[in-house]
Each structure stands twice: as structure tokens, then as C-alpha cells.
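Down below is the structure, laid out as C-alpha cells.
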Amino acid sequence: MSAQSTSLNPTLLQTGIKAAYQGSLLYPGFKLGIEHPYKVIEVDKTKKWGTKTILKERYLTANLGYYHHETFHDNLYLLFERQKRRQHLNGWFTEHASGIGYSRTFLGGTTYAVSDQGEVSKKELAGYNYALVSIALGAGYNFAMKEQQPLKIYGKASMLGFFPHNSSIYLRPTIEIGVVYAPQNFWKANPKLKIKQK
Amino acid sequence: MKKYLLLLISFCSLMHCQKEEISIGSNTSEVFYLQNNHAAMPIRVHGNTASKTFMMMIHGGPGGDAIIYRTDYVRQNLESEFAVVYWDQRNSGVSQGGANSSFNQVADFVEDFEKVVVLLKKRYGADISIFVNGHSWGGHLVPAFLQKDNNQYSVKGWIQTAGAHNIPLLNELSWKMQLDKANLEIAANHDVDEWTKIREYCMSIKPPFVAEVSLDLNKNAAKSEGLTEEIPKAKYDNKYFNDQYRENRTPFSLLLLQSLNPVPKTLANEIFKGAQLSDHMDLIVIPTLLLYGKYDYICPAGLGDDIENRIKSAYKKKVVFEKSGHGMMAGADEAAYWDEIKQFMRKFK
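Residue numbers (the numbering used here), protein chains in the order written: chain V, 1 to 198; chain B, 199 to 547.
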């Protein structure tokens, strides 16, 4: 069965564009990206009162993130995630994601190098390149389920891990509040649809 | 391609994060970085840079952080008169970096230290007076720095605060001190169970100590200090220090992870194998102030006698604070401790 047969969630036929305020608790930042659905499992559970349907949606996402932590660093990163969303028919959803990526930091102050001869030089755009891993948990509301609007709002808590940071790993908790908009003429998606009866 | 590069450069200019600002004044507060051997170490300068007199706080650990020494007392009484430099060493505090575990020897820390001194003179003027105050592990790093080449002549004076310059001697003094104190406290019926454990442990070992025993002895020393009633309750609590970290925009998760980072621990294990700097202490001729706590089992006051007897400085003074353990700079002797430092700096700046 193809995804086009479902009438439950029109946003599943489109790639969504994400925009979020992403702060690492006290420090501001943003996240921009896309989420591309590639699989949907419709689960129909038979209850005493009828059938309860949930959608298990699977996405691949690509994100550009940034935060500013004064005097510590600015961090610009690319993050690719595999995202699993559990969509209820009333519009509410929960989700979790894991990802990998690349990060570039810019140190939060004038940075100097001193040669072995004692010459001091200023280093422009000093910082480090790190590999990035992430895990995230979130929840949100999908306006397409009831109002037929291709819009979702969500909140998400993530843990970003940058390595090798001081030969080890640097973990950074972040929170994110954002919207996903799936315009009709944007990148079409054709997720595989499976239906499970329970 | 040029367009994208320009975009990136504009973006980073907008971030405004790496603009050079050098303040000379009575109330300076700034942070800049030294990047060396895959580490970027923050250097915070607070206080009166117009005085042209700087005290570098060389923190303990290895793996500790410098800003913890910035108490209200230091702000009000030291920073008002001098500038204080809080340098987080590599893989410590909120320093950043990449894969740098191959730069984790005392010599690497000494190289960083040398470069921080050069950098301070470049930023604030070649005529500034620098004093170096090493606490605990920092009291190993400072003499290692001073004994190398002509480094001692780049600073005006050495302040040794409960420093660990000679690990075998430290162990022996600590072991004896813990044993003696345990016997006294048991006889006086104070915390008998706890002191008995300490006495039993001390009686189960004998010098010279191998590295593992040395580390255990160090942990027991902290317990002994906690049991010593002659040391009044700490003036500053955890909340106070958390506020300090918050004010300095410290990423708490990094601070926690640094304390778990195996890299500084590797260095500590190496030192605890028996590092000692006594043999070349006679090279030191600069003014020296030796400060210890009477009830410091971690770095006992006897270490100061060893330095005092060996250095060739025309001026050397040793002070033992009666109500202190390892942290006399923030305890009951806080005022007396910082007063000694201020007088020393005024005299030799």
C-alpha cells in the first residue's frame, strides 16, 4: 500500500521545513532544517470502544544549528538525525531522535598563540572541529490532524556530544521550541506505508 | 565560493566573540584565550590592571579550575588593589581543545605557563609585575616553572600555598600527621570509629609509598581534614560557588566532565609515583612566601620547611595558619592569608 492512500496526515506527503529557537538552557541559539518522512506505520488497535489508531512516523532530518555561549564559544553545527514520531489522531505527538554530525566552535574571546621564540600572534576565528552525536526527546502538536493546516509545533530536549573534546567528550544539554511547516510545492515525499492491526 | 566565504566571515564578525579588547583600569573584567598544543585555555583577568601588578592564581587538581578562588573577599580586597589572573590549565576548568592527550606531561603545563606570562606582558605591558601563587598541584607546577631556564626572572615573586612540590616527602608527612592526629583524637574519645579507620589504614602502610598507596593516602587526608574540629566550618558553601560559576558563564556540564576526564587523572597518577622538585630548589633566588595550614594533611606544613631550607632567596617567609587545613584562602584564616599576600606584593612589586 502506498503512502498516498492515507488521508490521515497530509504533511506526510511533504518534506517539512523546521525552524526553532534552540538554547542550551541559558544561552541562545537557533536550528533550521528539514524533515523528510520515509516510512509510516499505521497501527490500528482494537479496543472495547472501537479502534484506536496511531501513526508511527519515521523521518530523516538535516539541521543547521547554532548557539552563542558568551566567553565560552559560538558553536555552528550540522546534524543529521533519524527521527521517530508517534502521532495520535487528536494531533498530539511524541518523538525521539538520534543523530550524528559535525561541529565547528569559535572560541569566546580573543585568542592568541605564542611561538617558542616568544612572539605573540592573534588567531582569527580560532576554535575546534568536532564530531557530533545527539539524542533527543520531544513532544508537539500537528495542526494537520484536525485543522488540516500543514503546521506542527514542538518542544524538544537534546543532549549533544562533541568529541574529541580535550581527548574526551563534551556533553551539552539543549532545549528547542520550534515549528515545522510543510509547504505544498516543496520537496515531495513518498513514505512507505505499512498497516498493522492489533 | 568567495560569496560564501564572505558570508561566513560576516557571520563570525557578527558574533563579535573574538574582538580584541584590552582594558587598563581599576575594575577590569575580561577573558581571552591562549591556544597551545591542541588546547585553548581561558585566561580571566579581574581587578586593577592600572596597578600594573598581577597575581596569577595557579589552580590545583590536576584538573581543577581557577575561578573557584575568586571569592567576595578576593574581589573586595585584592582585585581592588591588584589584577588577579585566573588561568584554567589544559584539560581543566573550562579549557577547550581537541585530541591532546599526548601533551599531558608537567613539561607541557610548564610550556603553557611560560606562554601565559609572555602573553600577559604583551597585553598589559612589558613593565608589569607578575606574582605567581600556586595552590596544591599548582604548587608543583609553579616551582617546576621557576626552576626551568630563566623563568623565575620573568616574575617578581613566588607564593606557595600548600603546594605539592615533593610527593615522597608529602606522603611521609601526611602519613605521620594522620597517624598522630588519629591517636590524639581516639584518646580524647572524638569520632573514635572514623579515626580508628584512619589509624588502622595508616598502620597498615609504611613509607616509601607506591603510587596507589599514595593516592589512597591523599583521599584519607581529605577525610582527616573533614574530621578535624579545629578547622571552623567553611565560610563559602556549594551554592556560593555555583553562583560564581554562573556569573562567569561556566558550562557546568564541562566542569563535571573535566572532573571525570581521565587525562588529568593520568597526570596525577604519574606525579604520585614520586615526583619531587626539592633537588633543584637551590636554583630559586626570587622573593618567596610560603603559606600552609596547620591542619593540612593533604600538603602538610612541613613541605614549607623543605623549601625554606633549600632556596637561595634573600627574602623568604613561611606562615602557618592556625585554623586552616588545605584551603586557607577561603576559611577562617581568609583575611590573614590574603593580607600576607598583599603585603608581599606591595613589598616586591
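Think of the CB as a built atom: it goes at the ideal place given N, C-alpha and C, for glycine as much as any other residue. Since this is a predicted model, take the numbers as computed values, not measurements.
In chain V, which residues lie with their C-beta within 9 Å of the C-beta of residue i?
i: R268(B); result: Near R268(B) there are no residues of chain V at all, since even the closest Cβ is about 14 Å away, more than 9 Å.
Taking the alpha helix (DSSP H) that residue i falls in, what are its first and last residues?
i: G245(B); result: No alpha helix (DSSP H) contains G245(B), which is instead part of the beta strand (DSSP E) from A237 to G245.
i: V292(B); result: Premise fails: V292(B) is in no alpha helix (DSSP H) and is neither H nor E.
i: F546(B); result: E532 to F546
i: W373(B); result: I365 to A385
i: A20(V); result: Careful: A20(V) lies outside any alpha helix (DSSP H), inside the beta strand (DSSP E) at G16 to G23.
i: L454(B); result: F450 to L458
i: V353(B); result: Taken as a continuous stretch (DSSP letters only), V353(B) belongs to no alpha helix (DSSP H), as it is neither H nor E.
i: E410(B); result: A409 to L425
Our contact map puts residue i next to residue j with C-beta atoms below 8 Å; I'd like the distance itself, whole angstroms only.
i: M526(B); j: L488(B); result: The Cβ separation is near 12 Å, so there is no contact.
i: S134(V); j: G99(V); result: 4 Å
i: V283(B); j: M255(B); result: 7 Å
i: A62(V); j: I17(V); result: Going by Cβ atoms, the distance from A62(V) to I17(V) rounds to 11 Å, so no, they are not a contact pair.
i: G336(B); j: I429(B); result: Going by Cβ atoms, the distance from G336(B) to I429(B) rounds to 21 Å, so no, they are not a contact pair.
i: H69(V); j: R447(B); result: 7 Å
So, does the CB of residue i fall closer than 8 Å to a CB anywhere in chain B?
i: E70(V); result: yes
i: K156(V); result: no
i: V180(V); result: no
i: S167(V); result: yes
i: A19(V); result: no
i: G109(V); result: yes
i: Y128(V); result: yes
i: K123(V); result: yes
Would you kindly work out how many angstroms separate the C-alpha atoms of residue i and residue j, rounded to a whole number?
i: I266(B); j: R397(B); result: 32 Å
i: H363(B); j: T111(V); result: 31 Å
i: E279(B); j: S249(B); result: 7 Å
i: K515(B); j: K346(B); result: 22 Å
i: I482(B); j: I539(B); result: 19 Å
i: L25(V); j: L475(B); result: 45 Å
i: F72(V); j: G109(V); result: 7 Å
i: K122(V); j: A420(B); result: 42 Å
i: N349(B); j: Y231(B); result: 21 Å
i: G91(V); j: E57(V); result: 13 Å
Under a CB-based cut-off of 8 Å, is residue i close to chain V?
i: L487(B); result: no
i: S299(B); result: yes
i: E218(B); result: yes
i: H349(B); result: A small fix is needed here, since residue 349(B) is Asn in this sequence, not His. By this cut-off, N349(B) is not an interface position.
i: S208(B); result: Residue placement at S208(B) cannot be trusted, given a pLDDT of 46 that sits under 50; the coordinates are not used to answer.
i: N289(B); result: yes
i: V229(B); result: yes
i: K140(B); result: Shown here, chain B extends from 199 to 547; a query on residue 140(B) therefore has no answer.
i: K313(B); result: yes
i: K189(B); result: Past the boundaries of the shown model lies residue 189(B); chain B is included only from 199 to 547, so the question cannot be answered.
i: A548(B); result: Residue 548(B) is absent from the structure shown; chain B starts at 199 and stops at 547.
i: A281(B); result: no
i: L238(B); result: A small correction: the amino acid at residue 238(B) is Ala; Leu does not occupy that position in the sequence shown. Yes, A238(B) lies at the interface with chain V (some Cβ there is under 8 Å from its Cβ).
i: R447(B); result: yes
i: N225(B); result: no
Please list, in chain order, the chain B residues whose beta carbon lies closer than 7 Å to that of residue i.
i: Y170(V); result: L452 and L455
i: L79(V); result: Within 7 Å Cβ-Cβ: nothing; L79(V) doesn't reach chain B, min ~18 Å.
Counting only Cβ pairs nearer than 8 Å, list the residues of chain B close to residue i.
i: A113(V); result: L232, Q233 and N234
i: P164(V); result: G296 and A297
Between which two residues does the beta strand (DSSP E) containing residue i stretch?
i: M401(B); result: No beta strand (DSSP E) contains M401(B), which is instead part of the alpha helix (DSSP H) from V390 to M401.
i: A136(V); result: N129 to N142
i: F162(V); result: L151 to H165
Taking residue i as the query, report the chain V residues whose CB atoms sit under 7 Å from its CB, ordered along the chain.
i: L317(B); result: Y112, V114 and V120
i: K320(B); result: V120
For a contact meaning CB atoms closer than 9 Å, what does residue i contact in chain B?
i: K31(V); result: Ordered by position in chain B, no residue passes the 9 Å Cβ test against K31(V), which lies about 16 Å from the chain.
i: P173(V); result: S451
Checking contacts by CB at 8 Å: is residue i closer than that to chain C?
i: V461(B); result: In the structure shown, chain C cannot be found, because the protein chains are V and B.
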